[in-house]
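Worksheet: one structure, shown below.
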Amino acid sequence: MGASKVYIFSDQINEIAQFAKVFAHPARIAIIKFISEQEGCICNDIVEEIGLSQATISQHLTVIGNIGLLKGTFEGKKKCYCLNVERYNEIRMQLDSFFKKTTLNCC
5 MGASKVYIFS DQINEIAQFA KVFAHPARIA IIKFISEQEG CICNDIVEEI GLSQATISQH
65 LTVIGNIGLL KGTFEGKKKC YCLNVERYNE IRMQLDSFFK KTTLNCC
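Each residue of the sequence shown is one higher than the one before, counting from 5 in my numbering.
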C-alpha cells in the first residue's frame, strides 16, 4: 500500500480516521473498557486483565493516548492510567455528528 496522502483531507476527516484507528483493534477496545471500569490502573494491571505482553500493551496505550483518550499520573516509575472522560465525550460527539451528517441525504 502506498503512502497515505493525509494532507489532501480536512483536519476533521484526519481526526476521525485517528479515532477509527484506535477503535479498529479489539485489544484497544478491551483496554479502554478495562480502564474505564477502574479508578486508575497501571500497565501491569492491564497486562494481567487483557493477557498480552507488557510491550504490546504499552504500544496500544501509546496509540490510545495519541488521541488524548488517556490521563495519567506518575507514581514512582509507574504510570497510573484513567480515561479522559472529557476527551471521550468530545470524540463521541464528533463521531455522532459525522454519522448524522453523512446519512442526511441517503435514500
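Beta carbons are placed, not taken as given, at the ideal position from N, Cα and C, and that holds for glycine.
Distance, Thr60 Cα to Thr77 Cα: When rounded, the distance between both Cα atoms is 20 angstroms.
Simplified DSSP state of Lys104, which is helix, strand or coil: Secondary structure at Lys104: helix, using DSSP grouped into helix, strand and coil.
contact_flag[the segment 39-47, the segment 82-92] where n(CB pairs < 8 angstroms) is 3 or more: The segment 39-47 makes contact with the segment 82-92: 3 or more CB pairs, one atom from each, lie closer than 8 angstroms.
CA-to-CA distance, Glu53 to Gln22, given in whole angstroms: For Gln22 and Glu53, the distance between alpha carbons rounds to 25 angstroms.
Rounded separation between Cys99 and Gly55 - CA only: Before going on, a small fix: residue 99 reads as Leu here, not Cys. Cα to Cα, the separation comes out at about 30 angstroms.
Residues of its chain near Ala34, where Cβ-Cβ distance is below 6 angstroms and the 5 sequence neighbours each way are ignored: Cβ within range, chain order: Ile54.
The beta strand (DSSP E) enclosing Phe78, as first and last residue numbers: For Phe78, the enclosing beta strand (DSSP E) begins and ends at Leu74 to Glu79.
Nearest neighbour of Pro30, chosen from Thr106, Arg91, His64 and Asn70 [CA to CA]: Of the candidates Thr106, Arg91, His64 and Asn70, the one whose C-alpha sits nearest the C-alpha of Pro30 is His64.
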